[in-house]
Amino acid sequence: MIKTKDLLTLGELDRKQIVQILELAIKMKKDLKKGITKPVLKNKTLAMIFQKPSTRTRVSFETGMFQLGGHAIHMSAQDLQLSRGETIDDTAKTLSRYVDIIMARVYDHSTIVSLAESASVPVINGLSNSFHPCQILADLMTIKEKKKRFNGLKLAWIGDGNNVCNSMIYGCSRVGISISIATPKGFEPNLQVVKECRDLTEINLFQDPNMAVKDADIIVTDTFVSIHDKPGRLEKFYPKYQVNSSLMGRAKKDAIFMHCLPAKRGQEVTSSVIDGSQSVVWDEAENRLHTQKALLALLTF
């Protein structure tokens, strides 16, 4: 059991708690490869609320609950009375009478905060416009698998200082990874998060991606644009912030490349990088399953 009711940003956890989740996730992964699954969530139910489309989040959570002996209920916003004006607070109170834990993938972070405040059961942020904690747990697990350590590593974030980047800052600061972030002016990560985490690890902000990736052990990016972005946004990122072979070559020779997916190939990353020998994106995607299983088990008990 970890000492937080909800996981909304990753800032709720300290190093010890993150390591606890990762150690359990690694054990669960090894057990699954051996055909061993333990129904530790037998008769437990996860409610999954989706305001946004999903591949990895939905499949990993639903599969994870099945493997742990529990049950997951998928609900789009249109499936709920939210679509007819019921408040998120009333929805949270109602669901808390039926299920053991809630995961929500929402547009606005205030929605997940309200959900957690009104729910009596644990709430997990499956993604909001401000944070994506579940992704970073999987990223940290992947780094641990590939680099065998956290201390002394440098991670370079290239592109948009978005929700994933904000949670990455929390994650790196907790485990002792230094982080350099290169973004266009005006697209920096949440500066309050940066200020809060600078006491725990080295954080550098750049506009030049070449400076950020120097001596990096890990290079990470995310999509530059989404379906709701304004025209002209792409031009602020592309091609300067694209992760290509040239940029990878400025990092350490054994640097790994990570991306939370889905990727827009030819924009934030070239196919030669994402499909190349330094890419670990498929292990990273798989590890969503294992870290979320560990998180579900530890939050529920």
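Numbering of the sequence shown is given in this note's numbering, commencing with residue 707 and proceeding in unit increments. Ideal placement from N, C-alpha and C gives every residue a C-beta, glycine not left out. Only a predicted model underlies this, so the values are computations on that prediction, with no experimental measurement involved.
1. How big is the Cα-Cα spacing for Val-899 and His-815?
2. Is the region 984–991 touching the region 951–971 in the sense that three or more CB pairs, one from each, lie closer than 8 Å?
3. Quick check: what's the CA-CA separation for Leu-1002 versus Asn-831?
4. On the DSSP letters alone, give me the boundaries of the beta strand (DSSP E) that Val-926 sits inside.
5. Please return the same chain residues whose Cβ sits closer than 6 Å to the Cβ of Arg-811, not counting the five positions on each side in sequence.
6. Take Leu-801 and list the residues in its own chain whose beta-carbon comes closer than 8 Å to its own, dropping the five residues that flank it on each side.
7. According to DSSP, simplified to helix, strand and coil, what is Arg-971?
8. Within 10 Å of its beta-carbon, does Trp-988 have 16 or more other beta-carbons around it, so buried, or fewer, so exposed?
9. Determine the contact status of Ser-766 and Arg-994, defining contact as a CB-CB distance below 7 Å.
10. For Gly-832, report the span of its beta strand (DSSP E) as first-last.
11. Quick check: the region 735–745 against the region 884–902, are there 3 or more CB pairs under 8 Å?
12. Would you call the CB atoms of Ser-932 and Glu-908 closer than 7 Å?
13. Taking 7 Å as the limit between beta carbons, can you name the residues of its chain near Cys-903, skipping five residues before and five after?
14. Which residues in the same chain as Val-926 place their Cβ atom closer than 6 Å to its Cβ, once the five residues preceding and following it in sequence are excluded?
15. Please report the distance separating the alpha-carbon of His-777 from that of Pro-745.
So, from the listed chains and residues:
1. As a working note, residue 899 is residue 193 in the sequence shown. As a working note, residue 815 is residue 109 in the sequence shown. Roughly 15 Å separates the two Cα atoms.
2. With a cut-off of 8 Å, the region 984–991 and the region 951–971 count as touching, because enough Cβ pairs lie within range.
3. On the sequence shown, position 296 is the one that residue 1002 refers to. On the sequence shown, position 125 is the one that residue 831 refers to. Taking the straight line from one Cα to the other gives about 12 Å.
4. What you label residue 926 is simply residue 220 of the sequence shown in a count that begins at 1. Where Val-926 is concerned, the enclosing beta strand (DSSP E) stretches over 924–927.
5. Taking the first residue of the sequence shown as 1, we reach residue 811 at position 105. So the list reads Phe-756, Lys-758, Ser-760, Thr-763, Gly-832, Leu-833, once near-sequence residues are dropped.
6. Taking the sequence shown and counting its residues from 1, one reaches residue 801 at position 95. Excluding positions up to five away in sequence, the list reads Ala-753, Ile-808, Ala-825, Val-827.
7. For the purposes of this step, residue 971 is taken as residue 265 along the sequence shown, with counting starting at 1. In this structure, Arg-971 counts as strand in the three-state DSSP scheme.
8. Here residue 988 refers to the residue found at position 282 when the sequence shown is read from its first residue. Exposed, because fewer than 16 other Cβ atoms sit within 10 Å of the Cβ of Trp-988.
9. In the sequence shown, residue 766 corresponds to position 60, counting from 1. In the sequence shown, residue 994 corresponds to position 288, counting from 1. Yes, these two residues count as a Cβ contact at 7 Å.
10. Along the sequence shown, one-based indexing puts residue 832 at 126. Note, Gly-832: beta strand (DSSP E), 829–833.
11. Proximity of the region 735–745 to the region 884–902 falls short of the contact definition, fewer than three beta-carbon pairs being nearer than 8 Å.
12. To locate residue 932, count along the sequence shown from 1; it is residue 226. To locate residue 908, count along the sequence shown from 1; it is residue 202. The answer is no: Cβ separation not under 7 Å.
13. As a working note, residue 903 is residue 197 in the sequence shown. Its chain contains Ile-875, Tyr-876, Ser-879, Ile-909 as the residues whose beta carbon lies nearer than 7 Å to that of Cys-903, once the 5 sequence neighbours on both sides are disregarded; these appear in chain order.
14. The count along the sequence shown starts at 1 and reaches residue 926 at position 220. Taken in chain order, the residues that qualify are Trp-863, Met-964.
15. Residue numbering aside, residue 777 sits at position 71 when the sequence shown is read from its first letter. Residue numbering aside, residue 745 sits at position 39 when the sequence shown is read from its first letter. Using only the alpha carbons, I get a separation of about 11 Å.
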